[in-house]
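Trainee:
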Amino acid sequence: MTPSRDVAEQIIERYHTSSPASARAFKAAAASLPGGDTRTMTTYAPYPLYFSRGERARVQDLDGRWYHDMVANYGALTHGHDHPALTRAVNDQIRLGTALGGPSTLQYRHAELLCGRVPALERLRYCNSGTEATMWALRAARTYTGRDVIVKVAGGYHGTHDWGHVSAFLAGGETHPQLLPGLAAVDLAPGVPETVLQSVVTVPFNDAGAVADVLSGLRGRVAAMIVEPVMGVGGGIPARPGYLEEVRRLTAEEGVVLIFDECATFRLGAWQVRHGVRPDLSTFSKIVGGGLPVGVFGGNADIMSIFDPAGARQPRHLLGESAPVLHAASSLLRRKGSRTGPDDNRGRAILT
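The sequence shown begins at 296 in the numbering used here and counts up by one.
(1) Tell me whether Thr455 sits in a helix, a strand or coil according to DSSP, three-state version.
(2) Pop quiz: His405 and Ala565 are said to be a contact at Cβ under 8 Å. What is the actual Cβ separation, rounded to whole angstroms?
(3) What is the DSSP secondary structure of Arg300, reduced to helix, strand or coil?
(4) Return helix, strand or coil for Pro315, following the three-state DSSP convention.
(5) Going straight from the alpha carbon of Thr312 to that of Ala463, what length do you get?
(6) Would a C-beta distance cut-off of 9 Å place Leu474 and Gly593 closer than the cut-off?
(7) Is the CB-CB distance between Ala380 and Arg573 below 9 Å?
(8) Under 8 Å Cβ to Cβ from Arg360, same chain only, skipping five residues before and after it: list those, please.
(9) Using C-beta distances below 7 Å, list every residue in its chain close to Val517, excluding the 5 sequence neighbours before and after it, in chain order.
(10) Would you call the CB atoms of Val461 and Val498 closer than 9 Å?
(11) My guess is that Ala432 and Thr578 are in contact by the Cβ rule of under 8 Å, so how many angstroms apart are they, rounded?
(12) Using CA atoms only, rank isn't needed, just tell me which of Val568, Gly459 and Pro343 is closest to Asp482.
(13) Are the beta-carbon atoms of Pro619 and Thr393 separated by less than 9 Å?
(14) Just to confirm before moving on: does the CB-CB distance between Ile554 and Leu576 stay below 9 Å?
(15) Our contact map puts Leu661 next to Tyr345 with C-beta atoms below 8 Å; I'd like the distance itself, whole angstroms only.
(16) Here's the rule I'm using: 16 or more other beta-carbon atoms within 10 Å means buried, otherwise exposed. How should Pro524 be labelled?
(17) Looking at the unbroken alpha helix (DSSP H) that takes in Met430, where does it start and where does it end?
(18) When the Cα atoms are used, what is the spatial distance from Val366 to Ser580?
(19) Measure the C-alpha to C-alpha separation of Arg353 and Gly370 and round it to an integer number of angstroms.
(20) Do Leu410 and Val589 have their C-beta atoms closer together than 9 Å?
(21) How long is the line joining the alpha carbons of Arg562 and Leu628, rounded to whole angstroms?
(22) So for Phe500, helix, strand or coil by DSSP?
(23) Please name the residue or residues paired with Tyr362 in a DSSP beta bridge.
(24) Quick check on Thr635: does DSSP put it in helix, strand or coil?
(25) Would you identify the three-state DSSP class for Cys558, choosing helix, strand or coil?
(26) State the start and end residues of the unbroken alpha helix (DSSP H) segment that holds Val385.
(27) What whole-angstrom Cβ distance do Val496 and Leu478 have, given they're in contact under 8 Å?
(28) Would you call Tyr452 buried or exposed, if buried means 16 or more other Cβ atoms sit within 10 Å of its Cβ?
(29) Look at the Cβ atom of Gly331, then the Cβ atom of Gly349, and state whether they are nearer than 9 Å.
(30) Using alpha carbons as the reference points, say which of Thr455, Val413, Leu408 and His363 lies closest to Met430.
(31) With a threshold of 6 Å on Cβ separation, who are the neighbours of Ser633 within its own chain once the five nearest residues in sequence on each side are excluded?
(32) On a CA-only basis, which of Thr335, His570 and Asp502 is nearest Leu545? Give me that one, please.
Next comes the structure, spelled out in structure tokens:
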């Protein structure tokens, strides 16, 4: 036995000894949940820790051990666990109703606050998740332009719908040719049909030249380009200086809707505000709701007008609201004040 192997076995043995309740929970959960959980990335060998509660910046497992929470639900819990303002707002609204089934002041009051933080958000709508937000933004772009093709970045993660799961993880495996000759082959998530490649094209991140080539090669066919200002699942890679500006110029020249997926980057305030680049549409998720499940998509008022029921081309967007989420989210946005400048956002980000 090598020394490294001996150390690894000692660590695993210590893990088993310190977390017997999690081992039992994993065995019980696996009887009804594939892999013992509903989130793939939280499952690991020999079994994951199961948590029972969170308190500010720490979490407790089933055996009563506390851990510093360096994950924060993958960046969504900017206020930590059990924030008193969030808890109070949720409890207050639950007593008044959870889903009221019609318009309420909760919607536009939160929308006003969010639009005030992000100038490009002239109009917005709500949904249940970041996946739904990007799906609706892409559908809005297709409806508005009358075009079909979506351009995304290889390794960019935009949720679990078929359009987003083209080269979402750069995981290798079986590859498929793209719509344009000369583009690198792409991988598809299991269950995503090859037919999706007739309407989705990928380009390398931070390569504005590749964007120019695709928009030229598919002139008049591209509805939207969607991009994360900082690649999340793709490795935490920020956009190079000038990249987003050039992408903005290229898409504007070709009449292509530019979508910034800010589901992850909104933790520091909208990335587009700090960069001074104005997309046509933007998407947000749990960070907007104080860590609670919600999605937001919005932007240019003319594009978003397609969701007006009086319009002739209205996509059937059915979600009303989650009243406790919107009430809690509004209370947190008010608590953080009205300042929206990049310097203030960055300063708060460093201190958080």
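Virtual Cβ for every residue (Gly too), placed ideally from N, Cα, C.
Mentor: A quick look at the data gives this:
(1) coil
(2) Not confirmed; about 15 Å, so no contact.
(3) helix
(4) helix
(5) 37 Å
(6) no
(7) no
(8) Ser313 and Ser314
(9) Arg442, Val444, Val446, Leu510, Glu549 and Val551
(10) no
(11) 5 Å
(12) Gly459
(13) yes
(14) yes
(15) No answer is possible for residue 661: it lies beyond the span of the chain, which begins at 296 and ends at 647.
(16) buried
(17) Gly425 to Thr440
(18) 17 Å
(19) 14 Å
(20) The sequence given here places Cys at residue 410; Leu does not occur at that position. No, the Cβ-Cβ distance between Cys410 and Val589 is not below 9 Å.
(21) 12 Å
(22) coil
(23) Val354
(24) Because the pLDDT at Thr635 is just 44, under 50, the model does not fix this residue reliably, and the value given afterwards should be weighed accordingly. Coil at Thr635, not helix or strand.
(25) coil
(26) Pro379 to Ile389
(27) 7 Å
(28) buried
(29) no
(30) Thr455
(31) In this prediction, Ser633 has a pLDDT of 45, which is less than 50 and means its spatial position is unreliable; nothing more can be read from the coordinates.
(32) Asp502
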